[in-house]
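Shown next, in structure tokens, is the structure this report addresses.
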Amino acid sequence: MTIHSAVIQKLLTTNAHIGHQVATHHFKQFTYGFRNRQAIIDSDKTLICLRNALNFLSYLSRDPSSSFLFFNTNLLFQPIIDEMTTRVSSFSPERASSLWRLRGFLTNSFSPKKFRSRNKKLVFAPTKMPDCVVIFDTERKSSVFLEAERLGIPIVALVDSSMPWEYYKKVTYPIPANDSVQFVYLVCNRSVSYVGEEER
Numbered sequence: 004m005t006i007h008s009a010v011i012q013k014l015l016t017t018n019a020h021i022g023h024q025v026a027t028h029h030f031k032q033f034t035y036g037f038r039n040r041q042a043i044i045d046s047d048k049t050l051i052c053l054r055n056a057l058n059f060l061s062y063l064s065r066d067p068s069s070s071f072l073f074f075n076t077n078l079l080f081q082p083i084i085d086e087m088t089t090r091v092s093s094f095s096p097e098r099a100s101s102l103w104r105l106r107g108f109l110t111n112s113f114s115p116k117k118f119r120s121r122n123k124k125l126v127f128a129p130t131k132m133p134d135c136v137v138i139f140d141t142e143r144k145s146s147v148f149l150e151a152e153r154l155g156i157p158i159v160a161l162v163d164s165s166m167p168w169e170y171y172k173k174v175t176y177p178i179p180a181n182d183s184v185q186f187v188y189l190v191c192n193r194s195v196s197y198v199g200e201e202e203r
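Below you can see the structure in the form of structure tokens.
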């Protein structure tokens, strides 16, 4: 089995290829078609997009002062995101931070202010503008897309077949896939590996 085939097989085991029953027009470029009314995402295209996103993160990581902001609103993903943030920060303190849905978080002044999110989790505003925002849960509409675009911050995001165009068009590096816990874990592990390689 080739490396490419092995990676594709791993994507399939995470159910990354299974989309929603609705496939928006702009997402059809990433799909094979439908099975049992569910969109089937092309794993080859997922792999290409994932590599493009990881290469971008790796490129940013060459600058020791670069920082990343990981955004999530899904409770199931949070332990994975927290672990990823800790691992990336271990390479370089304050390089990464994670947050929940906080309106105005990016567009507010970059000072170490305290914010309390809807789930009562205490977080701190970043002390500098992040070089990239990575969004894991795009199912719930969020102002983070608008804020990042307004500030000219590149967005890496998992995108599913039902993502509205108004948000999809703001994503710099889309990764077409089902946002399952297994796939999010895979993306986080690969992201840490790519960022870590630049730190060694």
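Residue numbers (the working numbering): 4 to 203.
Every residue, glycine too, gets a C-beta built ideally from N, C-alpha and C.
Keep in mind it's a predicted model, so treat the numbers as computed, not measured.
For this session: Would you please state the rounded distance, in angstroms, between the beta carbons of S194 and L57? I believe it to be under 8 Å.
Result: The pair is a contact, with the Cβ atoms about 6 Å apart (cut-off 8 Å).
For this session: Would you mind stating whether F74 and S145 have Cβ atoms separated by less than 9 Å?
Result: The criterion of a C-beta distance shorter than 9 Å is satisfied by F74 and S145.
For this session: State the start and end residues of the unbroken alpha helix (DSSP H) segment that holds I51.
Result: Taken as a continuous stretch (DSSP letters only), the alpha helix (DSSP H) holding I51 covers S46 to S64.
Exercise. Buried or exposed: A139, going by 16 or more other Cβ atoms within 10 Å of its Cβ?
Worked result: In the sequence under discussion, the amino acid at residue 139 is Phe, which differs from the Ala named in the question. The residue in question, F139, is buried, as its Cβ has 16 or more Cβ neighbours within 10 Å.
For this session: Assign S46 to buried or exposed, taking buried as 16 or more other Cβ atoms, counted over all protein chains shown, within 10 Å of its Cβ.
Result: So S46 counts as buried.
For this session: Please classify T89: is it buried, with 16 or more other beta-carbons within 10 angstroms of its beta-carbon, or exposed?
Result: That one is exposed.
For this session: State yes or no: is the C-beta of T49 within less than 9 Å of the C-beta of F33?
Result: Yes, these two residues count as a Cβ contact at 9 Å.
Problem set entry | Check whether N192 and D163 have beta carbons under 9 Å apart | Contact flag unset, no.
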